[in-house]
Structures are given as structure tokens and as C-alpha cells.
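Protein chains in written order, with my numbering: chain A, 17 to 338; chain B, 24 to 252. As C-alpha cells, the structure follows; a few thoughts come after it.
As C-alpha cells, this is what we get:
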């Protein structure tokens, strides 16, 4: 477990940092409408300093220091990434997750890999970290709510883990499950959803080289608010597909029903590919706001990862399989 | 005839209402200047101004029943101000959306508009409030005569549209907008004649009851009428 001293979670520091980041944006939001017409504000790239909510241990595989994604867009600051989180297991308030999750114990932690595999097993997080070599991947994250970030993840390809488990030929889907522990994750007491959080991928999606199991970001171990100790990252899908704090990975024959599919089947489908052409029943997915920027951007098909993943959906009607 | 300047005398209640109505705007500006508007400040500013507009609209709709049904006369003096403040916040809300969120890029706005139907609903409410604001003066009231009342009944349509708008934008938990919709529904109900009659007769009988504690006994001497209730 990563010890977090309460002295290191200084609201004042958070506040002061935030102040510097948001000053320009805040001004634009109110008085300076003219500012809004300008080019998107550059996102300051903050060093992952200890002044953010919580501290994370550095990882031997340090950050490559990448400051942009492959499209040239700057990565979001460590502070933004670790303080603006959708993690309903804690709370639906994105700015309160970090505070509520700060004492969430991520050690000991085991992940049960099973279902239709030849090598099932329960693995400790230490096993996993020593088995799979990690690398940095700078990915865009597009939330279904219409905001996005660029995040330098640290992790390993999901395919590597699945190959070790050796799926049987009858396995068609991968089902993921988050820890169910309402004492540690107070949001799981909410009766609006059927807990635990469940997500799924088709097996060929899961084997795609882009699909990542992340255990860190910015060259450090993940903080609980980002899904520690390990989470899925599927950057061509809306953020909610990237399930956090995974305890169970099952290979299954039938398409799993995710938490969001169960909660609102007409709004959230199994695939949830980022697609500006397919609208959410109540809002548009054509544009998004990069956190830290003022003006909106147009959303890219498959979040800009079409070359890598479009072939997975050849011949599929993406409006029907949303 | 000498022109008289209107006397600017406010009651304590009026001052309270004006301060309370302006406070969210002041807090918003301070938060914006200090960078305290969350990591998604435009969304936060949009949410806050929209919610304040909604609350003020509901408050303005509560004024008439507060006065006619419950005898709270000061409410009438702040009804128009509350309505105008509701429009002010709606205007800021709308301006942030078009001007800051979309940077006046109407192509982007139109690209999304047919899919973001809650925006159309909110905009319809905004147009109603705009019309009511433009006709809110005494002069317009005089000029429009009977039509003024008819026009200003549209405030209820605006209220209903606002609630739709509010419910529609929620991702999952719609309890809060439902509570506000309930409040609006209650205020509408209070306008309904049978409900009004019942409340008024209930209040009259209670008042009468208070005057005559034992109504079964014949009153010996008629007590003096209490001054104001």
C-alpha cells in the first residue's frame, strides 16, 4: 500500500495550483468573451509535484517525458488528471473523487483471471507488476459527457495478460469487474446502479494492441482516483468503458452486460466507440472540450484511433451497435 | 405639474431579496477570478448560472400565491425583480454557452443543435423570458392592457420548459430536477381555482376560529377586529 500522509494532501496547495491553472480560463469564462475567440489556451504541463491530492510512488519505468500525443496535442497536467475523475464507486462529483479515494487501500490486491481459459488463477498485484513489462502510452480519453484529456499512462497490453491466461476457443468476450466494497467505495451504496461496476470487450477488441492495462501515469503508480492499482484503458471508446480498480477478469461466451447498459440501455451500448456521428439520445457527441482549453474541439471518429481499430467493426452498423 | 422623482425606498425584505439574488453572480465572478471554478470552469459556470436562473424563476412564481393565499404582502414588491434577475442569469447562462463554450462558432452550435434537444428547450424558455423582460415596464403594462396579463402567463410555460431542460441534461440521477419540478407543480396547483378557494376558506375559518375560541357558545360581546393579520 502506498502510504499517504494527510499532511501531503494540502487543500491550500491544491487550491493555489488550481488557481494558477484556471485563472486564464476562469477570466475568459466570465468577462472576456473576446478571449474565447482566441485559439485554445495552451495547457500548462505541470510536473507531477507532490503538491497534488495524494502522492504516488515513482516507477522504475519512468515517464518518457512525452509532452504531447501523436497528434501534437499537449498532455494534461498531473493535477488535472488526478483531480477531475469520473469514478461513481466513490461519488458522482468529479472533483470529490480524489478526496474520497485518498485512503482507499490498493494493497493487498488480487485479480482473479478465470472463465473460459486454460490457465486460470488469482494473481497479486505484485505478481502482475513483475510479470508484465510496462511502457508509457500517451492516449486521449474522451468522456461520454463531452470532455476529454490527454494522459500519459503507464501499463502493459491487455493482450499479454490474456495470452498468459490462454483463452479457450469458446471465449468470445472479456468481462471485467471492479472491487465491490461499499465501506471503501461509498458510491457503491447508491441505489441508482447495479453494483459492482462491470465492463466488457469483444475478445478481438481486447487483443487489440491499443487496449491497455494501466497501473500508473506520469511515471508514477496510479492513485486511487484514477483506478489504482490497475485499470483498463481503451482509448477509442468512451471513458466509462475503461473500468477501474479491477478485481476480476473473466473470459465468457455471452456478451456481458455493463453497469451502464443495465442503467440506461437506450443511452449506453456495449460498444461505446467514440463516434461523432452517433448521438447520445439526449445530447450530441460531435464536439468535446479538452480540459484546460476554452473552446470546443470537434470529436474524432474512434477518438482519432481509426487506423488501429476501425477494421474491428467492418460491416457493422455502428448506429445500431452503439 | 411638477415631475416627481420616484422615491427609492426599499424595505428590509426588498434589500434582502436583491442581495440574495445578486450574491450568486458575485460569488461566480470571485470564483472565476480566483480560479476556483473547478477543472471544467465553463461547464461549472454554465451549471451555476442555469441553476440560479431556475431558482429565481421559481421564486418569482411563488410571489403571487405567497401574497394572495398566505397574506405575505412583501412578496408582491419583489416579484418583478425576481423575474428580471432570473432573466439576467439566463442571459449570462446563454452567453457563456454561445460565447465561451462555443466561442461564437455558430457552425459548431448548429452542428450539435438538432441532437442537443435540451438546448432548444432551454432556448425557448430564454426567448419567453426575454419577451417578458422587454414588456416588464409599467409603460408596457399600460400599453398592452389586457394582453399584458395574457403575455405574462407565459412565465409558466417558461418554468415548465426550464424543468424539461434541467431534467434532460442530467446524466443519471434526476432527483434534484424532479424536486424543483415538484415545487413548480405545487405553485401551479396553487393557481388552480378549486385549490385557491379551499385554502382561502380554510384560512378565513381559522381566523374566525381564533376570534371566537369557543364557537359553540354564543359570543357575549363582540371583540374588536384585530388590526392586520
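C-beta: ideal position from N, C-alpha, C; glycine also.
Query                                                                                                            : Result
Delimiting residues of the beta strand (DSSP E) encompassing residue 57 of chain B                               : That residue, residue 57 of chain B, is in no beta strand (DSSP E); it is neither H nor E in DSSP.
CB-CB length for residue 136 of chain A against residue 129 of chain A, believed under 8 Å                       : 6 Å
Chain-ordered neighbours of residue 199 of chain B on chain A, where CB pairs are closer than 9 Å                : The contacting residues do not exist; residue 199 of chain B stays about 11 Å from chain A at best.
Run of the beta strand (DSSP E) containing residue 164 of chain A, from where it starts to where it stops        : 163 to 173
Helix, strand or coil at residue 192 of chain A according to DSSP, with G and I counted as helix                 : strand
Buried or exposed (CB count within 10 angstroms, at least 16 for buried), residue 52 of chain A                  : Note that residue 52 of chain A scores 35 on pLDDT, short of 50, meaning its location in the model is unreliable; the coordinates nonetheless yield the value given after this. By the 10 Å Cβ count, residue 52 of chain A comes out buried.
Cα-Cα separation, residue 313 of chain A to residue 121 of chain B                                               : 14 Å
Cβ-based contacts, 7 Å cut-off: residues of the stretch 107 to 140 of chain A near chain B                       : 108 and 111
Under the three-state DSSP convention, the category residue 133 of chain A falls into                            : strand
Distance between beta carbons of residue 163 of chain A and residue 298 of chain A, contact taken as under 8 Å   : Contact flag wrong, Cβ pair sits at about 16 Å.
Residue 192 of chain B: first and last residue of the uninterrupted beta strand (DSSP E) it sits in              : Per DSSP, residue 192 of chain B belongs to no beta strand (DSSP E) and is neither H nor E.
is_contact[residue 57 of chain A, chain B] using C-beta, thresh 7 Å                                              : Because residue 57 of chain A sits at a pLDDT of 39, beneath the cut-off of 50, its placement in the model cannot be relied upon, and the following sentence gives the value as read from the coordinates. Cβ-Cβ to chain B under 7 Å: no for residue 57 of chain A.
Where the stretch 115 to 148 of chain B meets chain A: residues whose CB sits under 9 Å from a CB there          : 115, 118, 119, 122, 123, 124, 125, 126, 127, 128, 131, 134, 135, 136, 137, 138, 139, 140, 141 and 142
Residues in the stretch 309 to 323 of chain A having any Cβ partner in chain B nearer than 7 Å                   : 310, 311 and 312
Proximity test, Cβ basis, 7 Å: residue 262 of chain A and chain B                                                : no
Start and end residues, beta strand (DSSP E) containing residue 231 of chain A                                   : 228 to 233
Buried/exposed call for residue 186 of chain A, threshold 16 Cβ in 10 Å                                          : exposed
Residue burial classification, residue 215 of chain B (beta-carbon count within 10 angstroms, cutoff 16)         : exposed
Cross-strand partners of residue 265 of chain A (DSSP beta bridge)                                               : A:129 and A:192
Rounded distance between the beta-carbons of residue 69 of chain B and residue 116 of chain B, thought under 8 Å : 6 Å
Neighbour-count burial assignment, residue 226 of chain A, 16 or more Cβ in a 10 Å radius                        : buried
Span separating the alpha-carbon of residue 173 of chain A from that of residue 53 of chain B                    : 46 Å
For residue 219 of chain A and residue 141 of chain A, the rounded distance between their alpha carbons          : 23 Å
For residue 285 of chain A and residue 143 of chain A, the rounded distance between their alpha carbons          : 34 Å
Member of A:147, A:316 and A:118 whose CA lies at the smallest distance from the CA of residue 179 of chain A    : A:147
Pairwise C-alpha distance: residue 217 of chain B and residue 92 of chain B                                      : 13 Å
Residue 241 of chain A at chain B interface by Cβ criterion, 7 Å                                                 : no
Local conformation of residue 248 of chain A per DSSP, three classes                                             : strand
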